[in-house]
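Just below is one structure, and these are the notes that go with it.
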Amino acid sequence: SWASGGEAQSAASVKLEPEAAPRSLLQPVDGAHSSGLLPPFFKVRSGGRGGAPPRLQPDSRALRYMKKLYKTYATKEGVPKPTRSHLYNTVRLFTPHSPQKYASGGQVTGAAPSAPLRFSLGRVAAVERLLKSVLLYAASGSPGARCAGSLTASGPRSSGRALPVGARLQLGDDRRGLELDVTQLLQPLVAAGTRSIRLSVNVTCGGGADRAVRAPPSLLLYLNDTSAQAHRRPRFRAARSPRRPGLHRAAAACAPAKSAQRPRR
Amino acid sequence: GRDAPGPRLPRPPGAAAFNLSEYLRRFLTPRGECELHDFRLSFRQLRWDSWIVAPQRYNPRYCQGRCPRAVRHRYGSPLHTLVQNVISEKLDAAVPAPSCVPAAYDPLSVLTVEPDASIAYKEYDNMIATRCTCR
Numbered sequence: 016s017w018a019s020g021g022e023a024q025s026a027a028s029v030k031l032e033p034e035a036a037p038r039s040l041l042q043p044v045d046g047a048h049s050s051g052l053l054p055p056f057f058k059v060r061s062g063g064r065g066g067a068p069p070r071l072q073p074d075s076r077a078l079r080y081m082k083k084l085y086k087t088y089a090t091k092e093g094v095p096k097p098t099r100s101h102l103y104n105t106v107r108l109f110t111p112h113s114p115q116k117y118a119s120g121g122q123v124t125g126a127a128p129s130a131p132l133r134f135s136l137g138r139v140a141a142v143e144r145l146l147k148s149v150l151l152y153a154a155s156g157s158p159g160a161r162c163a164g165s166l167t168a169s170g171p172r173s174s175g176r177a178l179p180v181g182a183r184l185q186l187g188d189d190r191r192g193l194e195l196d197v198t199q200l201l202q203p204l205v206a207a208g209t210r211s212i213r214l215s216v217n218v219t220c221g222g223g224a225d226r227a228v229r230a231p232p233s234l235l236l237y238l239n240d241t242s243a244q245a246h247r248r249p250r251f252r253a254a255r256s257p258r259r260p261g262l263h264r265a266a267a268a269c270a271p272a273k274s275a276q277r278p279r280r
Numbered sequence: 138g139r140d141a142p143g144p145r146l147p148r149p150p151g152a153a154a155f156n157l158s159e160y161l162r163r164f165l166t167p168r169g170e171c172e173l174h175d176f177r178l179s180f181r182q183l184r185w186d187s188w189i190v191a192p193q194r195y196n197p198r199y200c201q202g203r204c205p206r207a208v209r210h211r212y213g214s215p216l217h218t219l220v221q222n223v224i225s226e227k228l229d230a231a232v233p234a235p236s237c238v239p240a241a242y243d244p245l246s247v248l249t250v251e252p253d254a255s256i257a258y259k260e261y262d263n264m265i266a267t268r269c270t271c272r
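Those protein sequences? They're chains X and S, same order as listed.
Quick note, the first sequence lines up with residues 16 to 280 if you use the working numbering.
Quick note, the second sequence lines up with residues 138 to 272 if you use the working numbering.
Structure representation (structure tokens):
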């Protein structure tokens, strides 16, 4: 699980080698510049041979979490599972820069340190609309623990916007990791295309969750990629999302109850 | 009336070995006609496994086979395909006969490690061919 990895460490489960091969496959035979033709899936990969900086390694706990999320959302062959009911088609996980500083400021009194966390959101594309964002903590303590305090988010040019926290720390959808919803705080920053944000988290939680919030969290963004290449879910499925009560009601009004499904011919 | 005689139906084997689905498949898609084929690859073969974490294997599938002279209903081909076939056969051989191409696709979920070490789960449309047609 998110918590089982212990200390944050560099990922060993993915082999990180310099890229090869795709460039030749993805360029038109006439040698024309192809960057405008390739879908984003390939475009980011095809340009960086030679002069590209070495690839950074992901945090191993983050990678484990995302692998489990993948198994929840997709079959072994990679086809999105038809049973899921969310609206997003993209999930991005960012780990903070310099988390050591954050951890070293930990207090034993139960209050979380307020050293700011810096996240680079440069990978979020303009066509990706933020639907939900959460701070993801290692799962320890009671899932329904009440937290109080404040969160402050700021971009490079903004003055910072504080959000009082009086919410519960939720156990994530996949039952791994404690989530603190920060959508309200980040929505304007992400919508404005802010590439780097600083988050000051100053929360205290009951129910044994204090230990969890003292470790630096990761930032999880649930996005809807609106580009042509992204998978768009049929409307009727999206409308069943439990996260969108309005849509849910609309779907219920349109669709017959399960017990009254059309009989087989 | 110039249509080639229909395919010879394979004789159903003995009752013990009778496989209805296989029999129907051969009946509906005579050998060599346009149909879906598997092509399983691993991202390691392309050396893309450094940034694609999952899935490890991928079967995009592909369409191959000849398009029958009278394009059958099962291909869902437009009338244009029939006309092009006639042109190719009777008027000008330089006009290509209809091609066997994918008609429908499934999406693919991909988990990638980004250059900045963030991790992204993404669903891409039209990544796995699921049906073929003649166009």
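Where a beta carbon is used, it is the ideal one built from N, C-alpha and C, also for glycine.
Quantities reported herein were computed from a predicted structural model and do not represent experimental measurements.
| Query | Result |
| --- | --- |
| Within 9 Å of chain X by C-beta, residues of the segment 230-255 of chain S in sequence order | Asp243, Pro244, Leu245, Ser246, Val247, Leu248, Thr249, Val250, Glu251, Pro252, Asp253, Ala254 and Ser255 |
| Straight-line Cα distance separating X/Asn217 from S/Phe180 | 43 Å |
| Length of the line joining the Cα atoms of X/Thr105 and S/Ala230 | 48 Å |
| Nearest candidate by alpha-carbon position, reference S/Pro185, set S/Cys271, S/Thr249, S/Lys227 and S/Glu260 | Position check: residue 185 of chain S holds Trp in this sequence, whereas Pro was assumed. Of S/Cys271, S/Thr249, S/Lys227 and S/Glu260, the residue nearest in Cα terms is S/Thr249. |
| Status (buried if at least 16 other CB within 10 Å, exposed otherwise) for S/Gln182 | exposed |
| Test: X/His246 CB closer than 8 Å to a CB of chain S | yes |
| Rounded C-alpha distance that separates S/Thr267 from S/Leu178 | 17 Å |
| Interface residues of chain S facing X/Asn104 [CB-CB closer than 8 Å] | Lys259 and Glu260 |
| Simplified DSSP assignment, three categories, for X/Arg247 | coil |
| Euclidean distance between Cα positions of S/Cys269 and X/Thr167 | 54 Å |
| Segment limits, alpha helix (DSSP H) that includes X/Leu204 | Thr198 to Ala206 |
| Pairwise C-alpha distance: S/Glu260 and X/Arg138 | 16 Å |
| 8 Å Cβ cutoff, S/Tyr199 in contact with chain X | no |
| DSSP state of S/Thr270 mapped onto helix, strand, coil | strand |
| X/Gln244 burial status per 10 Å Cβ neighbour count (16 or more: buried) | buried |
| Where X/Arg161 sits in the DSSP three-state scheme | strand |
| Segments assigned alpha helix (DSSP H), at least 4 residues, entirely inside the segment 169-239 of chain S | 216-223 |
| Close Cβ partners of S/Thr218 (< 7 Å) along its chain, the five nearest in sequence each way excluded | Val208, Pro235, Cys271 and Arg272 |
| Per DSSP, the bridge partner or partners of S/Thr249 | S/Ile189 and S/Ala257 |
| Short Cβ contact (8 Å threshold) for S/Pro192 with S/Phe176 | no |
| Residues near S/Ile256 in its chain [Cβ-Cβ closer than 8 Å; skip 5 each side] | Val190, Leu248, Thr249 and Val250 |
| Reduced DSSP category for X/Lys83 - H, G, I as helix; E, B as strand; rest coil | helix |
| Any chain X beta carbon closer than 8 Å to S/Ala207 | no |
| Reduced DSSP category for X/Ala77 - H, G, I as helix; E, B as strand; rest coil | helix |
| Distance, X/Gly208 Cα to X/Ala141 Cα | 7 Å |
| Buried or exposed by the 16-neighbour rule on C-beta atoms within 10 Å, applied to X/Thr98 | exposed |
| Residues of the segment 176-194 of chain S whose Cβ lies closer than 7 Å to any Cβ of chain X, in chain order | Leu183, Arg184, Trp185, Asp186, Ser187, Trp188, Val190, Ala191 and Pro192 |
| Contact set for S/Val232: own chain, Cβ-Cβ below 7 Å, skip 5 residues either direction | Gln221, Ile224 and Ser225 |
| CB contact below 8 Å: X/Ala140 versus chain S | no |
| Interface flag, X/Ser148 vs chain S, CB-CB below 8 Å | no |
| Any C-beta of chain S under 8 Å from that of X/Val197 | no |
| Beta carbon of X/Phe109 nearer than 8 Å to that of X/Leu214 | no |
| Length of the line joining the Cα atoms of X/Gly93 and S/Lys227 | 45 Å |
| Contact with chain S by X/Glu194, beta-carbon distance below 8 Å | no |
| Proximal residues of chain X, C-beta to C-beta of S/Asn196 below 7 Å | Glu92 |
| Amino acids of chain X, ordered along the chain, whose beta-carbon sits closer than 9 Å to that of S/Ile265 | Glu92, Gly93 and Val94 |
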